[in-house]
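Q:
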Amino acid sequence: MKVSVSTIALSELDVDLLIVPVTEQEAEGGLTSLIEQFGNAVERVRADVSGKRGTTSIIYPEKGSSPRVVLSGLGDTENVDLETLRRAASSGAGVVRSLSTETVAITIPEVDLEKEYASQALVEGFILGSYRFNRYRTDNGQESEVQRLVVQTTTDDKQARRGAEQGRIVAESVCTARDLVNLSPDEKSPIQLSRAIEKSAKKYGYDVSVWDKAMIEEEGMNGFLAVNRGSVDPPTFTILEWKPENARNKKAIILIGKGVVFDTGGLSLKSTKGSMDSMKSDMAGAAAVVGTMEAIARLELPVYVIGLIPATDNRPGESAYVPGDVIRMHSGKTVEVLNTDAEGRMILADALSYAQGLNPELVIDVATLTGAVVVALGDFVAGVMTNNQKGFEERLSGITRAGERSGDLVHPLPMHDDYGELIKSDVADIKNVGGRSASSITAAKFLEHFVDYPWIHVDIAGPAFLSKAQSYRPVGGTGFGVRLLVEFLKEYA
Ligand code: BES
Ligand code: ZN
Ligand code: ZN
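If you read the sequence shown in my numbering, its first letter stands for residue -6, the second for the next number, and so on.
Below you can see the structure in the form of structure tokens.
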């Protein structure tokens, strides 16, 4: 979708459809400025327009030539934030989908938000709300797609342009992550995933190298290899790098994404319905890292970032690892495996201890790690945990703020030492499960054993993949994490 900015008056724009966000106050005030511009057509629907959040009304023009207008409610002016704009733009996109429209304009409302961010939010909401995954539909979804989006504003078009461009890049990067998650598992072996990352790197100008199984063996990533033992497909370890000359940081920020391309649970097999049936999404953390690298390269952010993606599936093949196995991990620590379905922490642990050797400034891992976080926080919000090293509070508030600004919300969970007791093993240093209680936290406590630097863990098991759409988040892969990380890194830069 092409995105541009225009200062031409709304009623003069040459587009098929206009989306006009309206507040409750504007609706109560009788929509006077719209009546001035569009006349009787607006007058006729006036009584039906409330401006309430989530509501939309379509106005058909008096005469043939002028465009249709969709009014999209923002609610009370006082409460309009960036998320309100994203959702209003997405509701507009929902109406657009049912009509045949190639060109759409959306106007920046007169609300108390900086123009750049308002413009970005509208573009994000529109593109994210227009997303469809049609790869496997033989009729291609049979919907016309919007080719061009115009952001209309009266003043400050420079700021609006900057925001619109950022919004387009960020939203497209989220869609990259969604596409990867939505791919059928039989097109998503570790090697195929790595190929897709190489393609993205080439297209957007960041570096990538892919390790094969022999290199992973040589490095001694035995936790990672244990998970792969039941699989017919070899694992890959993909290293992504964005290192611009003007980077603000000397030591890298490392992003690690869980890349379990399919999680059957292994010998601790999952049941199908409501569990294994969505496990193609178990690489959503990896997808978020790829989307983030794409975005920061396209935005040319002045930050030095390395991405690490351990990729494998988790299957119960003949040589699969078994409950009772003791694994000597990459770091040298020993782990008693008591449940092969707790595989994410096995592969992440090795990536985390490999990251140690890269002397990082900060490491953030993003993973669909535990079902328990879905029980705790639902599918709107991810769980976030961090180690108790210096800067602990700044890290937590930094990532939480990035969540609020970007719309990818996170909420902190506690990491007291006592939780660590739950993963003590009778035969090894630690065991890979800590029982039913607080299992999102014991998973993080497990990972903490492999970390000796500032670290943030984001458990995205809830919001990464939806069975029911939420405003601009569709059914299936949501691309959760891309906006969170991009916003965090932007702030950092
Ligand atoms: N990939 C799952 C976690 C998951 C659950 C992601 C639901 C998305 C939605 C993970 O590998 C897993 O199976 N975790 C187990 C851990 C348990 C065995 C300690 C879980 O959460 O049940
Ligand atoms: Zn699992
Ligand atoms: Zn998993």
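Beta carbons: idealized from backbone N, C-alpha and C, even for Gly. All of these numbers come straight from a predicted model, not from anything done at the bench.
So, using beta-carbon positions, are A277 and F458 closer together than 8 Å?
A: On the sequence shown, residue 277 is found 284 positions in, with the first residue counted as 1. On the sequence shown, residue 458 is found 465 positions in, with the first residue counted as 1. The answer is yes: Cβ separation under 8 Å.
Q: Cβ of N307 within 7 Å of any heavy atom in ligand 2?
A: Here residue 307 refers to the residue found at position 314 of the sequence shown. Yes, the Cβ of N307 comes within 7 Å of a heavy atom of ligand 2.
Q: So E109 packs on R79, CB below 8 Å; how close in whole Å?
A: By one-based count along the sequence shown, residue 109 stands at place 116. By one-based count along the sequence shown, residue 79 stands at place 86. Not a contact, Cβ separation roughly 15 Å.
Q: Roughly how many angstroms lie between the CA atoms of L176 and K273, to the nearest whole one?
A: On the sequence shown, residue 176 is found 183 positions in, with the first residue counted as 1. On the sequence shown, residue 273 is found 280 positions in, with the first residue counted as 1. Approximately 8 Å between the Cα atoms of the pair.
Q: What separation, rounded to the nearest whole angstrom, lies between the Cα atoms of S50 and V63?
A: Working through the sequence shown from its first residue, we reach residue 50 at position 57. Working through the sequence shown from its first residue, we reach residue 63 at position 70. Computed Cα separation, rounded: 6 Å.
Q: Alpha carbon to alpha carbon, how far is G325 from E212? Give it in angstroms, no decimals.
A: Looking up residue 212 in the sequence shown gives position 219. Looking up residue 325 in the sequence shown gives position 332. Rounded to whole angstroms, E212 to G325 spans 12 Å at the Cα level.
Q: Quick check on this structure: which residue in I232, L186, I299 and R141 has the alpha carbon closest to the alpha carbon of A240?
A: Counting from 1 along the sequence shown, the entry for residue 240 is found at position 247. Checking every option, the nearest Cα to that of A240 belongs to I299.
Q: Just to confirm before moving on: does the CB-CB distance between P353 and A486 stay below 8 Å?
A: For this step, residue 353 is matched to residue 360 along the sequence shown. For this step, residue 486 is matched to residue 493 along the sequence shown. For P353 and A486, no; Cβs fall outside 8 Å.
Q: Let's see if you can read the secondary structure: which residues bound the beta strand (DSSP E) around Q145?
A: As a first step, residue 145 must be located in the sequence shown, where it is residue number 152. Residues R141 to Q145.
Q: Hey, quick one: how far does the beta strand (DSSP E) through G68 stretch, first residue to last?
A: Along the sequence shown, read from residue 1 onward, the residue named residue 68 stands at position 75. Where G68 is concerned, the enclosing beta strand (DSSP E) stretches over R61 to G68.
Q: For the alpha helix (DSSP H) containing V283, list its first residue and its last residue.
A: Within the sequence shown, the letter at position 290 stands for residue 283. Counting along the chain, the alpha helix (DSSP H) containing V283 begins and ends at A277 to L292.
Q: Taking 7 Å as the cut-off, is the C-beta of D200 nearer than that to any heavy atom in ligand 2?
A: Your numbering for residue 200 matches position 207 in the sequence shown. Not so, every heavy atom of ligand 2 lies at least 7 Å from the Cβ.
Q: Tell me whether the stretch 416 to 431 and the stretch 253 to 260 touch, counting them as touching only if at least three CB pairs, one residue from each stretch, are closer than 8 Å.
A: No: fewer than three Cβ pairs fall under 8 Å.
Q: If you follow the alpha helix (DSSP H) that R37 is part of, which residue opens it and which one closes it?
A: Here the question's residue 37 lines up with position 44 in the sequence shown. N33 to V38 is the span of the alpha helix (DSSP H), which, as asked, contains R37.
Q: For a minimum of 3 consecutive residues, which ranges assigned as the beta strand (DSSP E) are wholly contained in the stretch 385 to 465?
A: With a minimum length of 3 residues, the continuous beta strand (DSSP E) runs that stay inside the stretch 385 to 465 are 403 to 405 and 448 to 452.
Q: Using the C-alpha atoms, what's the distance from S(-1) back to A281?
A: Here residue 281 refers to the residue found at position 288 of the sequence shown. Here residue -1 refers to the residue found at position 6 of the sequence shown. The straight-line gap from Cα to Cα measures roughly 32 Å.
Q: Should G310 be counted as a contact of ligand 2 given a C-beta to heavy atom distance under 7 Å?
A: By 1-based counting over the sequence shown, the position of residue 310 is 317. Because no heavy atom of ligand 2 lies under 7 Å away, the Cβ of G310 does not count as near it: no.
Q: Could you please give the first and the last residue of the uninterrupted alpha helix (DSSP H) stretch that includes A170?
A: Translated into positions along the sequence shown, residue 170 becomes position 177. First-last of the alpha helix (DSSP H) with A170: D150 to N175.
Q: Could you give the first and the last residue of the continuous alpha helix (DSSP H) run that contains R321?
A: Here residue 321 corresponds to residue number 328 of the sequence shown, with the count starting at 1. Run containing R321: none in the alpha helix (DSSP H); it sits in the beta strand (DSSP E), V319 to R321.
Q: If we require 4 or more residues per run, which alpha helix (DSSP H) segments fall completely within the stretch 296 to 362?
A: You should have 337 to 349.
Q: I need the DSSP call for D243, collapsed to helix, strand or coil.
A: Taking the first residue of the sequence shown as 1, we reach residue 243 at position 250. Reading the sequence as shown, one finds Lys at residue 243 and not Asp. K243: coil per DSSP, three-state reduction.
Q: So I101 and G216 are supposed to be a Cβ contact under 8 Å. How far apart are they, rounded?
A: Within the sequence shown, residue 101 is the residue found at index 108, counting from 1. Within the sequence shown, residue 216 is the residue found at index 223, counting from 1. 50 Å between Cβ atoms; not a contact.
Q: Assuming T333 and Y347 form a contact by the criterion Cβ under 8 Å, report the distance between their Cβ atoms to the nearest whole angstrom.
A: Walking along the sequence shown from the start, residue 333 turns up at place 340. Walking along the sequence shown from the start, residue 347 turns up at place 354. T333 to Y347, Cβ: 22 Å. No contact.
Q: If you measure from the CB of T361, is any heavy atom of ligand 3 nearer than 7 Å?
A: Working through the sequence shown from its first residue, we reach residue 361 at position 368. Yes - ligand 3 has a heavy atom lying nearer than 7 Å to the Cβ of T361.
Q: What's the gap between the Cα of V328 and the Cα of P309?
A: Indexing the sequence shown from 1 puts residue 328 at position 335. Indexing the sequence shown from 1 puts residue 309 at position 316. Their Cα atoms are separated by approximately 19 Å.
Q: In this structure, does DSSP put G85 in helix, strand or coil?
A: Position 92 of the sequence shown holds residue 85. Helix at G85.
Q: Less than 8 Å separating the beta-carbons of G232 and V201?
A: If you number the sequence shown from 1, residue 232 lands on position 239. If you number the sequence shown from 1, residue 201 lands on position 208. Looking at the sequence provided, one finds Ile at residue 232 rather than Gly. It is a contact, given that the beta carbons lie within the stated cut-off.
Q: Could you name the residues of the same chain whose beta carbon sits closer than 7 Å to that of E480, not counting the 5 residues immediately before and after it, in chain order?
A: The sequence position of residue 480 within the sequence shown is 487, counting from 1. The residues are A395, R398 and S399.
Q: Comparing alpha-carbon positions, which option in D401, N380 and L477 lies nearest F443?
A: Mapped onto the sequence shown, residue 443 falls at position 450. Closest by alpha carbon: N380.
Q: Should the stretch 182 to 198 be regarded as contacting the stretch 26 to 46, the criterion being three or more beta carbon pairs within less than 8 Å?
A: The stretch 182 to 198 is not in contact with the stretch 26 to 46.
Q: Looking at the secondary structure, which residues open and close the beta strand (DSSP E) in which Y375 lies?
A: Looking up residue 375 in the sequence shown gives position 382. According to the sequence displayed, residue 375 carries Ala and not Tyr. Residues A375 to T379.
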